[in-house]
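Protein chains in written order, with the numbering used here: chain U, 1 to 289; chain Y, 1 to 649.
All residues carry an ideal CB built from backbone N, CA and C; glycine is no exception.
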Amino acid sequence: MYTIGILQLTQNLDDAVHGFKSELTERGIHAEFHYLNADGNIEQLSKLANQLAEKKVDLIFACSTPAATAAVKLTQNIPVVFTPVFDPIGANLVHSMAEPGGKATGVAGMVKAEDKLVFINRLLPTAKKVGILYHVEDTNAIVEVENFRKLINSKMHFVEIPIRKSEELSNLPDILPTDIDALFLPIGKIIEENFATIIYYTDTVEIPVIASHAPNISDGALGGLVANHAQLGRECAAKAVEILKGAQPKHIPVDTVKIPDILLNQFTAENLGITLPEDLREEAVEVFE
Amino acid sequence: MLLTRDSVELLAPVGTWDVLEAAIEAGANAVYLGGKRFNMRMFKTTANFDDAMLAKAIEYAHSHNVALHVTVNNLISDRELDNMRSYLTLLDELKPDALIVQDLSILQLAREMNLSIPLHASIMMNTHNEHAVRTLQSYGISRVVVNREMSLSQLSLLKERTGIEVEYFIHGDMCISHSGQCIQSGVVFGQSSNRGRCLKPCRWPYQLVDATTGLPVGDRDPGPYKLAMKDMCLYTKLPELIQAGVTSFKIEGRMRTADFVSGIVKTYRKAIDSYIADPMGYTPDLQGWENLQNTRSRDFSTCYALGNPGATVIGYSGEREPRFFSQAVREANMTVIAKKSVPESTINKHFAPTLNVRVADLPSLIAACQNGANTIYVGGEVAKPAIPWTLKAMAQAVEEANKYDAKVVITTPRITMERECGELEQFFNTLSKVKPHGIMVGNLGALALARQNSTLPVQAEYSFNVFNHVTTQLLKNNEVKKATISLEATYEQIMKLVENSLLPLELIVHGSLPAMITDHSIPEAILNKQYQTNYDPVLDTKQYALLDTAGQQHLIMMDQYGRSNLLFAKDLCLLPHLHSLTPVQNYRIEGQYYTPELVGLITKIYRQELNKISAQQSTYHFDTSQLEKITAASPRELGIGTFRHRLSK
């Protein structure tokens, strides 16, 4: 019987927890779980991590970068398995993806920019110029924008639309280039939570939006290629089993999202007069009506 | 009455199975949760219970001797009625302990379907007076979640006079607007706060400005979040709450985690038990208070429980806002293309339109009459510095209107708490001297008072949120002669409603409209913190507005009851769409914030267009110069409101 701590930032990531637990059960691991959730309050995380340490857990499953950071900072030598951390190296959780080198490993939740590019191209084959709207202080967004900059592609031209304050979205029409064929939203909290304001404006000018946050797609983006949190949780469980059986996290490579979910919105497509490609529809995990 | 452990029900919010277990384990006497359909938390697909889980949850709660209430508290549109009927049938089989409902149509459906489950009036029904309670009781409502603006002493009186069970929010998130009366999210975004999709415009940053100069007001700005209510917490006032006779202590937070809900339930459970065991020896447990403080999102306030809290209820800095849902947007103007997903209605062959105008004063009434109005609305809320309609002015209004063969209908305030109800009762009894042609009421209580105290025909104001035809059936059964269509309905929803309605309906097609109504006096809370005891006449004469980050001004109309009526930035104008709205037949201009000249002009132009449509039928073509005339004379920019959206979600 093992004791496993789960450190959660927000219940929005609970699908990962469910995947993690069910995979452990399937792999025959019986464990007592201590689930602590900061309910969005980042400052609470170090306190909650300490509470898990006091319970002498064998391992901590940490969801989100701040939770993983809090768990890794513990002085006790408790292995940490994390997800959906976007930039494990940048967040100082691991030295490298292949050889983490410390007490943490996991599965990064960033869908590869290459994959997103292919997806956008399949969804909107004629799109030539695509805006990228992001908040300049969001570390995840910065990583993703940087990845897009490094992409070698001849099909699409990306135009960056940086904002410094969320209120700038109120005047989005003033900063949105008039000649873009689509707007791409990288991962990033401020853009994701104020999505209603973005879609309000893009609807009027009939610009399709490609999102990275699953709820934004049911709320009106045309589509998105997103990590499946339950799947990330299951992959983390596989790593957790290795650790519980004696392997050291420093030698267990960090994986990235292998098969992201395709999400599409048919209602939005109709409003924009766009036909969703049949092959994408078939591959989609969900097509919102 | 002597207290027992059953005197008080501690009612916990539940969004998922683990919260259900945790809340019951922590000592909740009852829980409330939503199914996957028709409830006020529709954003998260992972929350709420599907039909099978609902059955399991009820069984689980009952096996632990805990009551389970299901929230069916959305407004519903005509196209959703069949789904609602089948959902109610299912719920009737599952037998939860109560349904918490908002839409008046559910009362009608429950009666028609002979539902056996007790009904509770949701906070969204905005129940705030004894007369409304009695009507609700006649429909089998056994409990009312009274509105947040009621103080403990007011709700004690309500309970005493009606015998209704009272449920009160004691902990958690609050709205600044009267519940069910905030349409900002619904109209602007097409995502209705009355349908579980609120995008929280009350959490936008705003500047308080002098509406005349457009300049920020003074150096007393306490922070940008002028409407951001703090969280309710009545932990330190439990004795007052229990002695006030509140039956059910409701904790807000159906999206919260098991730990969070469990912590709050345990804290309140312990305090309630310790008070009931030894009321005289009770002191609040400081540890409990600290637990609540440490896990809080926003700062706490006792809100309206002990009286109007003024500025202390607002978290102006916004520092503790857990998250935002949107940023201010520019409201749709006249150039935005209206979305009419259903085929546009052809012109009604029997088109006999009425044009009805709400005015603030006699000169406006005369202007409206001279330019072709059929009915004039006078009365109700009046924005300072204008003065309320006196009986004498109303009598003059009737006399003037008679000269033009126009009718006068007396409107009444949308919110009628104890004070306003007392005034209404007296007013209705003296109306026979005024000889108006009808009365318009804003809520179920005012409707009951009008019927008891007057023989005049009664019509229902937009505050009834008429969103489907079954609601018109209920109103008809209650002797209402005409109803106003919800301001949140889109073109498609309006057409469907009109097609099936059992009552003549009226559509507001033009005017300045309130997005929110709140008992919080926005300017005074900032400029005269002591306003409840210290009168500052300047505040009664100056016009203030909130400036949002999209650069738009929302006028704050302070009415004679001290409520802030916060207007949309743009005035509604559906003039270009009149020809596709002919099945509606009755059109209203809300002109009480316009000059008499403008009332005259707008009335004239709408009358001309209606006449043209009538005469030219299918050859009618809208002449944009008519719109230009109104635009040039209007004090604010014009917009198309919900016509921007295909459907109001």
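Rounded straight-line distance, which links the Cα of Leu185 (chain U) to that of Asn140 (chain U):
By 1-based counting over the first sequence, the position of residue 140 (chain U) is 140. By 1-based counting over the first sequence, the position of residue 185 (chain U) is 185. CA-CA distance, Asn140 (chain U) to Leu185 (chain U), rounds to 12 Å.
Looking at C-alpha atoms only, which residue of Y:Ala30, Y:Arg85, Y:Ser86 is the closest neighbour of Asn65 (chain Y)?
One-based indexing of the second sequence puts residue 65 (chain Y) at position 65. Measuring from the Cα of Asn65 (chain Y), the nearest candidate turns out to be Y:Ala30.
Among Y:Ala57, Y:Ile439, Y:Leu107, which has the Cα closest to the Cα of Lys95 (chain Y)?
Working through the second sequence from its first residue, we reach residue 95 (chain Y) at position 95. Of the listed residues, the one whose Cα sits closest to Lys95 (chain Y) is Y:Ala57.
Which chain Y residues are close to Gly40 (chain U), counting only those with a beta carbon under 9 Å from its beta carbon?
As a first step, residue 40 (chain U) must be located in the first sequence, where it is residue number 40. Ordered by position in chain Y, the residues that pass the 9 Å Cβ test against Gly40 (chain U) are Ser297, Pro322, Arg323.
For chain U, is any of its Cβ atoms less than 8 Å away from the one on Gln287 (chain Y)?
Within the second sequence, numbered from 1, the residue matching residue 287 (chain Y) stands at position 287. No, Gln287 (chain Y) lies away from the interface with chain U (no Cβ there is under 8 Å from its Cβ).
Quick one: does Thr204 (chain U) have its CB under 8 Å from some CB of chain Y?
Working through the first sequence from its first residue, we reach residue 204 (chain U) at position 204. True, the Cβ-Cβ gap to chain Y drops below 8 Å.
Whose Cβ in chain U lies nearer than 8 Å to the Cβ of Phe189 (chain Y)?
By 1-based counting over the second sequence, the position of residue 189 (chain Y) is 189. By Cβ distance, chain U contributes Ala196, Tyr200.
Buried versus exposed, by CB contacts within 10 Å (16 or more), Asp361 (chain Y):
On the second sequence, residue 361 (chain Y) is found 361 positions in, with the first residue counted as 1. Asp361 (chain Y) is buried by the Cβ-count criterion.
Could you tell me the alpha carbon to alpha carbon distance between Tyr594 (chain Y) and Leu638 (chain Y), rounded to whole angstroms?
Locating residue 594 (chain Y) in the second sequence gives position 594, counting from the first residue. Locating residue 638 (chain Y) in the second sequence gives position 638, counting from the first residue. Cα-Cα distance, rounded: 13 Å.
Are His579 (chain Y) and Tyr535 (chain Y) touching if we call contact CB-CB under 8 Å?
Counting from one through the second sequence, the residue named residue 579 (chain Y) turns up at place 579. Counting from one through the second sequence, the residue named residue 535 (chain Y) turns up at place 535. The answer is no: Cβ separation not under 8 Å.
Does DSSP put Asp540 (chain Y) in a helix, in a strand, or in coil?
For this step, residue 540 (chain Y) is matched to residue 540 along the second sequence. Note: Asp540 (chain Y) maps to helix in three-state DSSP.
Using DSSP with H/G/I as helix, E/B as strand and the rest coil, what is Asp571 (chain Y)?
Locating residue 571 (chain Y) in the second sequence gives position 571, counting from the first residue. In this structure, Asp571 (chain Y) counts as strand in the three-state DSSP scheme.
Return the chain-ordered ranges of every alpha helix (DSSP H) run that is complete within the stretch 408–490 of chain Y and spans a minimum of 4 residues.
Listed in chain order, the alpha helix (DSSP H) elements of length 4 or more contained wholly in the stretch 408–490 of chain Y are 418–434, 444–453, 469–477.
Hey, Leu244 (chain U) and Ile60 (chain U): beta-carbon distance below 8 Å or not?
Here residue 244 (chain U) is taken as the residue at index 244 of the first sequence, counted from 1. Here residue 60 (chain U) is taken as the residue at index 60 of the first sequence, counted from 1. No, these two residues do not count as a Cβ contact at 8 Å.
Leu36 (chain U): contacting residues in chain Y (beta-carbon distance under 9 Å):
As a working mapping, residue 36 (chain U) is identified with position 36 in the first sequence. Within chain Y, the residues near Leu36 (chain U) are Asp259.
I need the DSSP call for Val143 (chain U), collapsed to helix, strand or coil.
Looking up residue 143 (chain U) in the first sequence gives position 143. DSSP places Val143 (chain U) in helix when its eight states are reduced to three.
Would you please verify whether the beta carbon of Val336 (chain Y) is less than 8 Å from any beta carbon of chain U?
Counting from 1 along the second sequence, the entry for residue 336 (chain Y) is found at position 336. Val336 (chain Y) counts as touching chain U.
Put Lys129 (chain U) into one of helix, strand or coil per three-state DSSP.
As a working mapping, residue 129 (chain U) is identified with position 129 in the first sequence. Correct three-state label for Lys129 (chain U): strand.
Identity of the residue in Y:Arg269, Y:Ala446, Y:Phe325, Y:Lys476 nearest Ser7 (chain Y) by Cα:
Within the second sequence, the letter at position 7 stands for residue 7 (chain Y). Out of Y:Arg269, Y:Ala446, Y:Phe325, Y:Lys476, Y:Arg269 has the C-alpha closest to the C-alpha of Ser7 (chain Y).
With distances taken from CA atoms, which of Y:Ile347, Y:Val480, Y:Ser648 is nearest Ser618 (chain Y)?
Counting from 1 along the second sequence, the entry for residue 618 (chain Y) is found at position 618. Checked all of Y:Ile347, Y:Val480, Y:Ser648; the closest Cα to Ser618 (chain Y) is Y:Ile347.
Determine the chain U residues that contact Leu199 (chain Y) at a beta-carbon separation under 7 Å, and present them in chain order.
Position 199 of the second sequence, counted from the first residue, corresponds to residue 199 (chain Y). Those are Ala196, listed as they occur along chain U.
Could you list which residues in chain U have their beta carbon closer than 7 Å to that of Thr549 (chain Y), in chain order?
Within the second sequence, numbered from 1, the residue matching residue 549 (chain Y) stands at position 549. What Thr549 (chain Y) touches in chain U: Glu167, Ser170.
Distance, Ser262 (chain Y) Cα to Gln543 (chain Y) Cα
Locating residue 543 (chain Y) in the second sequence gives position 543, where the first residue counts as 1. Locating residue 262 (chain Y) in the second sequence gives position 262, where the first residue counts as 1. Cα to Cα, Gln543 (chain Y) sits roughly 47 Å from Ser262 (chain Y).
Do you know how far the Cα of Ile180 (chain U) is from the Cα of His645 (chain Y)?
For the purposes of this step, residue 645 (chain Y) is identified with residue 645 of the second sequence, where counting begins at 1. For the purposes of this step, residue 180 (chain U) is identified with residue 180 of the first sequence, where counting begins at 1. So the two alpha carbons sit approximately 23 Å from each other.
Any beta carbon from chain U within less than 8 Å of Pro343 (chain Y)'s own beta carbon?
Here residue 343 (chain Y) refers to the residue found at position 343 of the second sequence. No, Pro343 (chain Y) does not count as interfacial toward chain U.
Whose Cβ in chain Y lies nearer than 8 Å to the Cβ of Gln51 (chain U)?
The sequence position of residue 51 (chain U) within the first sequence is 51, counting from 1. Going along chain Y, no residue has its Cβ under 8 Å from Gln51 (chain U), so there is no contact; the nearest lies around 11 Å.
Under 7 Å by beta carbon: chain Y residues contacting Glu193 (chain U):
The residue you call residue 193 (chain U) lines up with position 193 of the first sequence. Going along chain Y in sequence order, the residues near Glu193 (chain U) (Cβ under 7 Å) are Arg323, Phe324, Phe325.
Can you name the residues that DSSP bridges to Thr375 (chain Y)?
The residue labelled residue 375 (chain Y) in the question sits at position 375 within the second sequence. Beta bridge pairing from DSSP links Thr375 (chain Y) with Y:Asn356, Y:Lys407.
If contact is defined by three or more beta carbon pairs under 8 Å, each pair taking one atom from either stretch, is the stretch 273–285 of chain U in contact with the stretch 236–252 of chain Y?
no
DSSP beta-bridge partners of Ile78 (chain U)
Translated into positions along the first sequence, residue 78 (chain U) becomes position 78. Paired residue(s): none; Ile78 (chain U) is not in a bridge.
Would Ala450 (chain Y) pass as a contact of Val466 (chain Y) if the rule is Cβ separation under 8 Å?
As a working note, residue 450 (chain Y) is residue 450 in the second sequence. As a working note, residue 466 (chain Y) is residue 466 in the second sequence. Taking 8 Å as the Cβ cut-off, Ala450 (chain Y) and Val466 (chain Y) do not qualify as a contacting pair.
Whole angstroms are fine: how far does the CA of Ala446 (chain Y) sit from the CA of Cys651 (chain Y)?
Nothing in the structure corresponds to residue 651 (chain Y), since chain Y is present only between 1 and 649.
List, in order along the chain, the chain B residues whose C-beta lies closer than 7 Å to that of Gln11 (chain U)?
Considering every chain present, this structure includes no chain B. Its protein chains are U and Y.
Going by DSSP in three states, Asp115 (chain U) sits in which element: helix, strand or coil?
Position 115 of the first sequence, counted from the first residue, corresponds to residue 115 (chain U). In the three-state reduction of the DSSP assignment, Asp115 (chain U) falls in the helix class.
Taking buried to mean at least 16 other C-beta atoms within 10 Å of its own C-beta, is Gln287 (chain Y) buried or exposed?
In the second sequence, the residue the question calls residue 287 (chain Y) occupies position 287. By the neighbour-count rule (16 or more Cβ atoms within 10 Å), Gln287 (chain Y) is not buried but exposed.
I want to see whether chain Y comes within less than 8 Å of Asn271 (chain U), judged by CB atoms only; does it?
Position 271 of the first sequence, counted from the start, is the residue given in the question as residue 271 (chain U). Closer than 8 Å: yes.
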